[in-house]
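Protein chains in written order, with this note's numbering: chain A, 64 to 341; chain B, 64 to 341.
Every residue, glycine too, gets a C-beta built ideally from N, C-alpha and C.
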């Protein structure tokens, strides 16, 4: 719970990849307090039905708002953003922002050709959430599932030659498909919260002139705009050196604590285990 | 449900990797009927508590025995074998066989030095189930988690140069640790139901003289011994060309149907969706 001068921003993910979004938020708003919840007991959301995901995400959102006093909620989870944003907005009375819309908006601002590439997990690609969000902005988006990238990041191989090869293989396949479809992409959206850790390798692998959009950064930019545009959530400049961060998980605290700091860019500290039910 | 002359063998996994065990069973007992259940809605079991896994596995076992008439149950899931074999045996009245004990027995029969290597998922290694089962047989076992191998198999890269490199890296790390610990391993246990698909690459990568134990094959051998040693389950020689196989899943039928045939070595056909609850 934060004191009244420093509003708490709630950040939610099914796992801990969303810590990259939290990191981007902290760098922009170091004066806020943060509560992060990873619903690790019930991941992966990607293989579950929309109704189940909506129920899980709503329960998680209520925990952050009702129990942790969050006055603004960032859904740092692509699957929940794609399938449950409405359900979350219905469940809580604070503003809610997902990761997909800001990623698509940043792509719209970056692209001149109007053709963009999106790499993401199987579940996110299957939902076509980025395709739909991009299409609504007049962009043609070609999506590709890159299922090896999350395990490579979690193995810690973020600057490993094997990961470099895998990225090249995926991007080659995507570029071949784009050429076949007559697209001229100039922008690549990283549509997964794990991928910011691969950004240096990905930027090295893309064609010359390709803009890389990190949806964690884009989401943090959009959140700051909304948070500071509202008197009830505005964050004052910090009077402490470091933002206050509390992390919660519904299971697998070990893995969260072991891997989380790589995503957050600083120690996650003790992760508190909570029970949201089956 | 099978006819009375052809007993049904139930095979259970949290996902569909256990289809490699089913494949090994079919090749040995083509005259039996089979019911395979993948509890895909609730995977991964590896990150869940023992009590939760026991409940899920017992529910799944009851479905195979009570609803599908299985007269013998193979738990083709390392996590459930490690953490819930007792609970499953309590839940049903038919013989139950897990994958770990047969793998450790085969390693005992194969090893001359008494030192064995085990590769498996994070969750299986964390349970130290193979270490414990090997130790009980007088073997020294060194276990290593190889978390990239399952996603590489699921990506279909079972004979890909990237997978070859990843296997070499993992085995090099394992051999370095073995040398450091003063072990002289001569046997490698594949302690994950996905790994049989990588067997050619793994056999190519191991040191000369190293025996590779496929726990799917070992489990099928042990199952045949138990099944044909019991009058109520004995399987007569087949009068049909192909074993009858029914596959069930609790979610993600798409992925099961798309990838399952690679594991089973023949089409899985239509996977029936069932609901075991939360």
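Under 9 Å, CB to CB, which of the residues in the region 185-200 of chain A have a partner in chain B?
185 and 189
According to DSSP, residue 208 (chain B) sits in a beta bridge with which residue or residues?
For the purposes of this step, residue 208 (chain B) is identified with residue 145 of the second chain, where counting begins at 1. Its beta-bridge partners are B:183.
Beta-bridge partners of residue 221 (chain A), as assigned by DSSP
Locating residue 221 (chain A) in the first chain gives position 158, where the first residue counts as 1. None, per the DSSP bridge assignment.
Three-state secondary structure assigned by DSSP to residue 280 (chain A)
Residue mapping note: residue 280 (chain A) aligns to position 217 of the first chain, counting from 1. Residue 280 (chain A) falls in the helix class under three-state DSSP.
Answer with yes or no whether the minimum CB distance from residue 314 (chain A) to chain B is below 8 Å.
Residue mapping note: residue 314 (chain A) aligns to position 251 of the first chain, counting from 1. Chain B contact via Cβ: present.
I'd like to know whether the C-beta atoms of residue 166 (chain B) and residue 278 (chain B) end up nearer to each other than 8 Å.
Locating residue 166 (chain B) in the second chain gives position 103, counting from the first residue. Locating residue 278 (chain B) in the second chain gives position 215, counting from the first residue. Cβ atoms of residue 166 (chain B) and residue 278 (chain B): closer than 8 Å.
Any beta carbon from chain A within less than 8 Å of residue 215 (chain B)'s own beta carbon?
In the second chain, counting from the first residue as 1, residue 215 (chain B) sits at position 152. Output row for residue 215 (chain B): interface = yes.
Can you list the residues of chain A that residue 111 (chain B) reaches, using a CB-CB cut of under 8 Å?
As a working note, residue 111 (chain B) is residue 48 in the second chain. Ordered by position in chain A, the residues that pass the 8 Å Cβ test against residue 111 (chain B) are 104 and 314.
Simplified DSSP state of residue 331 (chain A), which is helix, strand or coil:
Taking the first residue of the first chain as position 1, residue 331 (chain A) is located at position 268. It is coil, neither helix nor strand.
If you measure from the beta carbon of residue 122 (chain B) to each beta carbon in chain A, is any gap under 8 Å?
Walking along the second chain from the start, residue 122 (chain B) turns up at place 59. So, not an interface residue.
Closer than 8 Å is the cut-off here; do at least three beta carbon pairs connect the region 315-327 of chain A with the region 79-89 of chain A?
Enough Cβ pairs lie closer than 8 Å, so yes.
Just list the beta strand (DSSP E) runs in the region 238-284 of chain B, keeping only unbroken ones of 3 residues or longer that don't cross its boundaries, in chain order.
250-253 and 274-277
Run through the DSSP bridge pairs and tell me what residue 99 (chain B) is partnered with.
Taking the first residue of the second chain as 1, we reach residue 99 (chain B) at position 36. Checking the DSSP bridge columns, you'll see residue 99 (chain B) partnered with B:74 and B:310.
If contact is defined by three or more beta carbon pairs under 8 Å, each pair taking one atom from either stretch, is the region 188-195 of chain A in contact with the region 159-173 of chain A?
Short answer: they touch.
Taking C-beta pairs closer than 7 Å, name the residues in chain B that residue 229 (chain A) reaches, listed in chain order.
Mapped onto the first chain, residue 229 (chain A) falls at position 166. 225, listed in chain order.
Pick helix, strand or coil for residue 133 (chain B), following the three-state DSSP scheme.
For this step, residue 133 (chain B) is matched to residue 70 along the second chain. Residue 133 (chain B): strand per DSSP, three-state reduction.
Helix, strand or coil: which one does DSSP assign to residue 178 (chain B)?
On the second chain, residue 178 (chain B) is found 115 positions in, with the first residue counted as 1. Correct three-state label for residue 178 (chain B): strand.
For residue 210 (chain B), which residues from the same chain have a beta carbon less than 8 Å from its beta carbon, with the 5 sequence-adjacent residues on both sides left out?
One-based indexing of the second chain puts residue 210 (chain B) at position 147. Once the five neighbours on either side are set aside, the close Cβ partners of residue 210 (chain B) are 184 and 185.
Can you list, in chain order, the residues of its chain whose CB lies under 8 Å from that of residue 260 (chain A), leaving out five sequence neighbours each side?
By 1-based counting over the first chain, the position of residue 260 (chain A) is 197. By the criterion of a C-beta distance shorter than 8 Å, residue 260 (chain A) is surrounded in its chain by 83, 216, 221, 325 and 326, once the five residues flanking it on both sides are discounted.
What is the C-beta distance between residue 97 (chain B) and residue 307 (chain B), in whole angstroms, given that I count them as a contact (C-beta under 8 Å)?
Here the question's residue 97 (chain B) lines up with position 34 in the second chain. Here the question's residue 307 (chain B) lines up with position 244 in the second chain. Confirmed, about 7 Å.
Please list the residues of the region 162-177 of chain A that have a C-beta atom closer than 7 Å to any C-beta atom in chain B, keeping them in chain order.
none
Mark residue 66 (chain B) as exposed unless 16 or more other C-beta atoms lie within 10 angstroms of its C-beta, in which case mark it buried.
Indexing the second chain from 1 puts residue 66 (chain B) at position 3. Its pLDDT being 46, under 50, residue 66 (chain B) is placed unreliably in this model, and the coordinates cannot settle the point.
Against residue 100 (chain B), what residues of chain A qualify as contacts under a CB-to-CB distance less than 7 Å, listed in chain order?
Counting from 1 along the second chain, the entry for residue 100 (chain B) is found at position 37. Neighbours of residue 100 (chain B) on chain A: none; closest Cβ ~16 Å, over 7 Å.
So that I know if they touch, is there some Cβ in chain A lying closer than 8 Å to that of residue 93 (chain B)?
Here residue 93 (chain B) refers to the residue found at position 30 of the second chain. It does not: the Cβ of residue 93 (chain B) has no partner Cβ on chain A nearer than 8 Å.
Is residue 76 (chain B) close to chain A, meaning its C-beta is less than 8 Å from at least one C-beta of that chain?
Your numbering for residue 76 (chain B) matches position 13 in the second chain. Closer than 8 Å: no.
From residue 300 (chain B) to residue 73 (chain B), what does the alpha carbon distance come to, in whole angstroms?
Numbered from 1 along the second chain, position 237 holds the residue referred to as residue 300 (chain B). Numbered from 1 along the second chain, position 10 holds the residue referred to as residue 73 (chain B). Taking the straight line from one Cα to the other gives about 19 Å.
For residue 161 (chain B), list the residues DSSP reports as bridge partners.
Residue mapping note: residue 161 (chain B) aligns to position 98 of the second chain, counting from 1. When DSSP reads this structure, residue 161 (chain B) sits in a beta bridge with B:138.
Three-state secondary structure (DSSP) at residue 215 (chain B)?
Taking the second chain and counting its residues from 1, the one referred to as residue 215 (chain B) is at position 152. It is helical.
Buried versus exposed call for residue 244 (chain A) [16 or more other C-beta atoms within 10 Å across all chains shown]:
Residue 244 (chain A) sits at position 181 when you count from the first residue of the first chain. By the neighbour-count rule (16 or more Cβ atoms within 10 Å), residue 244 (chain A) is not buried but exposed.
Would you call the region 233-241 of chain A and the region 279-287 of chain A touching, i.e. three or more CB-CB distances under 8 Å?
no
Counting contacts by CB-CB distance shorter than 8 Å, is residue 236 (chain B) in contact with chain A?
As a working mapping, residue 236 (chain B) is identified with position 173 in the second chain. No, residue 236 (chain B) does not count as interfacial toward chain A.
If you compare alpha carbons, which of B:312, B:305 and B:314 is closest to residue 90 (chain B)?
Taking the second chain and counting its residues from 1, the one referred to as residue 90 (chain B) is at position 27. Checked all of B:312, B:305 and B:314; the closest Cα to residue 90 (chain B) is B:305.
Pick helix, strand or coil for residue 171 (chain A), following the three-state DSSP scheme.
Taking the first chain and counting its residues from 1, the one referred to as residue 171 (chain A) is at position 108. Helix at residue 171 (chain A).
In three-state terms, what does DSSP make of residue 66 (chain B)?
Stepping through the second chain from its first residue, residue 66 (chain B) is reached at position 3. Confidence at residue 66 (chain B) is low in this model, with a pLDDT of 46, below 50, so its placement is unreliable and no value can be given for it.
Measure how close the beta-carbons of residue 146 (chain B) and residue 252 (chain B) come, nearest whole angstrom, since I'm counting them as under 8 Å.
Here residue 146 (chain B) refers to the residue found at position 83 of the second chain. Here residue 252 (chain B) refers to the residue found at position 189 of the second chain. No, residue 146 (chain B) and residue 252 (chain B) are not in contact; Cβ-Cβ is about 18 Å, not under 8 Å.
Could you list which residues in chain A have their beta carbon closer than 8 Å to that of residue 218 (chain B), in chain order?
Residue mapping note: residue 218 (chain B) aligns to position 155 of the second chain, counting from 1. Near residue 218 (chain B) (Cβ distances below 8 Å), the residues of chain A are 210 and 211.
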